[in-house]
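Quick note: the sequence shown uses the numbering used here, first residue 343, plus one each step.
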Amino acid sequence: MSLRIVVCVKYVPDATGDRHFAEDLTTDRDAVDGLLSELDEYAVEQALQIAEAADDAEITVLTVGPEDAKDALRKALSMGADKGVHVEDDDLHGTDVVGTSLVLAKAVAHVGYDLVLCGMASTDGTMGVLPAILAERLGVPQVTLLSEVSVADGTVTGRRDGDAASEQLQAQLPAVVSVTDQSGEARYPSFKGIMAAKKKPVESLDLSDLGIDADEVGLGGAWTKVEDAAKRPERTAGTIVKDEGEGGKQLAEFLVSQKFI
Ligand SMILES: Cc1cc2nc3c(=O)[nH]c(=O)nc-3n(C[C@H](O)[C@H](O)[C@H](O)COP(=O)(O)OP(=O)(O)OC[C@H]3O[C@@H](n4cnc5c(N)ncnc54)[C@H](O)[C@@H]3O)c2cc1C
């Protein structure tokens, strides 16, 4: 039977752009170009390698995001994924990680899966917690932050590198796995891949398709609330400490005044 892989990919604001909050203190996603989160390219790459090693596999890339999030799906499809699923709904505006994980869990279940692959964190929210919440919602094992991953005989195996040691981890499928930026360079889409991606199917779903009430997501359903946000102060020239015998003391006083020590 075909190995069903679902890769969760996020469409994020370009980190090199000038990013702002909108009036309701959510990220102003219209003001800046977006792209497939670079950390999710590693998840797509691992999915492709697992599929290449399997006899029969199908890769679905899944995103929850606005209209333009289709661009993230097209990039993943041009790398080699087979089909896309896009969850888009006006009521998603302001959804936090708890709501996003609910939508992804319902969408993953809708698609059908043996293995869900995620990045280690998104490059905008950078919480790194979504894969764990998703696994909990699906009621399957989570094997997170792997820098090496393989699948054989219904089991996913991988290596998680810590500061002091590396762990070898294993779980029965179905499971949720997240991979790090050490898992292997993501391939560039070929010209053939880019052309082929235009013809690959992308299914669009909204909240009602997934049986989710609007009040479970959006700003109203969020467990967190941004109370206030201020623009980062402009960079100043800084303080130059000239060492004329008292440099160390002045440096220490400066660090104390800034509450560093
Ligand atoms: C239109 C829209 C508006 C939003 N508004 C807000 C808001 O106002 N406040 C707020 O707190 N959050 C908001 N979110 C949710 C937020 O952007 C994150 O998607 C969510 O909080 C997950 O946190 P993270 O990105 O830090 O995930 P992490 O835990 O860092 O992500 C880990 C991995 O999870 C997967 N993943 C994460 N998000 C998605 C996704 N959307 N689609 C597919 N895969 C994903 C990726 O594989 C990623 O590498 C919004 C999301 C959308 C789509």
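All C-beta atoms in this analysis are idealised placements derived from N, C-alpha and C, irrespective of residue type, glycine included.
- Provide the residue(s) that pair with Gln484 in DSSP beta bridges, ordered along the chain. Gln484 is bridged to Val518.
- Message: Suppose you measure from the CA of Val427 to the CA of Gln510; what does that come to, to the nearest Å?
- Response: For Val427 and Gln510, the gap between their C-alpha atoms comes out near 32 Å.
- Query: Is the beta carbon of Thr437 less than 9 Å from the beta carbon of Val568?
  - Reply: It is not a contact, given that the beta carbons lie outside the stated cut-off.
- Task: Could you tell me whether the Cβ atoms of Leu487 and Thr522 are closer together than 9 Å?
- Result: Between Leu487 and Thr522, the C-beta spacing is below 9 Å.
- Message: Does the beta-carbon of Lys448, which I'm using as the reference point, lie nearer than 8 Å to any heavy atom of ligand 1?
- Response: For Lys448, the CB stays at least 8 Å from every heavy atom of ligand 1.
- Message: I'd like to know if Val544 contacts chain D, where contact means its C-beta is closer than 9 Å to some C-beta of that chain.
- Response: Of the chains in the structure shown, none is chain D; there is only one protein chain.
- Message: According to DSSP, Ser492 sits in a beta bridge with which residue or residues?
- Response: By DSSP's assignment, Ser492 forms a beta bridge with Thr499.
- Message: With a threshold of 8 Å (Cβ to nearest heavy atom), would Thr402 be considered close to ligand 1?
- Response: No; taking the cut-off as 8 Å, the Cβ of Thr402 has no heavy atom of ligand 1 nearer than that.
- Query: To which residues of the same chain is Leu480 closer than 8 Å at the C-beta, ignoring the five residues directly before and after it?
  - Reply: Cβ within range, chain order: Ala447, Val450, Ala451, Val458, Pro516, Val518.
- Please determine, among Ala385, Val406, Arg529, Arg416, the residue with the shortest C-alpha to C-alpha distance to Met537. Closest option to Met537, Cα to Cα, is Arg416.
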